[in-house]
Amino acid sequence: DTEVTQTPKHLVMGMTNKKSLKCEQHMGHRAMYWYKQKAKKPPELMFVYSYEKLSINESVPSRFSPECPNSSLLNLHLHALQPEDSALYLCASSLPATRTGELFFGEGSRLTVL
Amino acid sequence: GENVEQHPSTLSVQEGDSAVIKCTYSDSASNYFPWYKQELGKRPQLIIDIRSNVGEKKDQRIAVTLNKTAKHFSLHITETQPEDSAVYFCAASARGSTLGRLYFGRGTQLTVWP
């Protein structure tokens with residue numbers, strides 16, 4: 041299994057809603073990432089988990105709250121988002137930091153904030 | 497941190513012609529250079545990568561060259577086809593950087609006209 045699976049594929053939410061994005065991989069990768077991507081722009085790193093511990097938070101607003109329940113799962117909890125948060129949210133995984141290597145991206149969750 | 501510059505931002509070629517996209521990086525510690533292709537509405541997908549101990553790598557119609565001294569690397573696509581039309585991102589990852597973190601270029605929109 042070489043897939044990173046993200047759900048939902050599409051999400052529309054109001055600014056007062058609470059929702060979650062989910063990501064799952066079964067490749068034994070121990071580094072997992074959340075990226076935000078606007079149209080025709082490069083992915084922007086948000087969070088990195090290594091061995092289920094948060095290692096990088098790229099000064100992301102607290103309305104985004106990541107969670108890594110186990111080595112295969114990664115969640116992104118959303119609350120009180122703004123319309124400018126509308127974007128494609130990509131989950132990725134890779135081998136641990138002991139070597140550089142390929143990022144495996146999920147298909148993404150396209151988020152629209154009304 | 498690492499800074500990756502990518503040129504051109506848009507590139508139009510006739511089917512069958514070659515396309516070249518160039519990137520420069522700033523951190524001499526970078527040792528891994530992947531190229532991602534992203535079709536409209538889809539995830540970024542790795543198409544080829546190169547490590548700093550190699551000067552060139554080929555995979556069918558795609559090749560990447562790396563000049564460590566000048567800190568630049570290039571993607572070459574020969575015999576282009578309409579299905580090569582996509583946004584291409586270069587990236588760099590620094591040896592010893594946290595979690596093999598990737599720094600992306602700003603992307604090149606490649607259009608191949610039939």
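Going line by line, the protein sequences match chains A and B. If you want this note's numbering, it's the position in the first sequence, counting the first as 1, plus 40. If you want this note's numbering, it's the position in the second sequence, counting the first as 1, plus 496. Don't be surprised by glycine CBs; every beta carbon is placed ideally from N, CA and C.
{"Asked": "Alpha carbon to alpha carbon, what distance is there between A/His50 and A/Leu154?", "Found": "13 Å"}
{"Asked": "Looking at A/Pro83: is its Cβ nearer than 8 Å to the Cβ of B/Phe529?", "Found": "no"}
{"Asked": "Between A/Gln122 and A/Met55, what straight-line distance do the alpha-carbon atoms span, to the nearest angstrom?", "Found": "6 Å"}
{"Asked": "Do B/Lys533 and B/Ala582 have their C-beta atoms closer together than 8 Å?", "Found": "yes"}
{"Asked": "Please classify A/Glu124: does DSSP put it in a helix, a strand, or coil?", "Found": "helix"}
{"Asked": "Say whether the stretch 63 to 74 of chain A touches the stretch 141 to 153 of chain A, bearing in mind that this needs 3 or more beta-carbon pairs closer than 8 Å, one atom from each stretch.", "Found": "yes"}
{"Asked": "Let me know the secondary structure DSSP gives B/Pro504 once reduced to three states.", "Found": "coil"}
{"Asked": "For B/Glu579, which of helix, strand or coil comes out of DSSP?", "Found": "helix"}
{"Asked": "At 8 Å on the CB atoms, spell out the chain A contacts of B/Asp545, in chain order.", "Found": "Glu142"}
{"Asked": "Determine whether the Cβ of B/Pro530 lies closer than 8 Å to any Cβ atom of chain A.", "Found": "yes"}
{"Asked": "Which ranges does the beta strand (DSSP E) cover as unbroken runs of at least 3 residues, wholly within the stretch 514 to 567 of chain B, from first to last along the chain?", "Found": "515 to 521, 526 to 534, 541 to 547, 552 to 555, 558 to 563"}
{"Asked": "Using a Cβ-Cβ cut-off of less than 8 Å, give me the residues of the stretch 80 to 93 of chain A that come near chain B, in sequence order.", "Found": "Lys80, Lys81, Pro82, Pro83, Leu85, Val88, Ser90"}
{"Asked": "Considering only the alpha carbon of each residue, which of A/Leu85, A/Lys78, A/Leu113 lies closest to A/Leu151?", "Found": "A/Lys78"}
{"Asked": "Taking Cβ to Cβ, would you say A/Pro101 is nearer than 8 Å to A/Phe87?", "Found": "no"}
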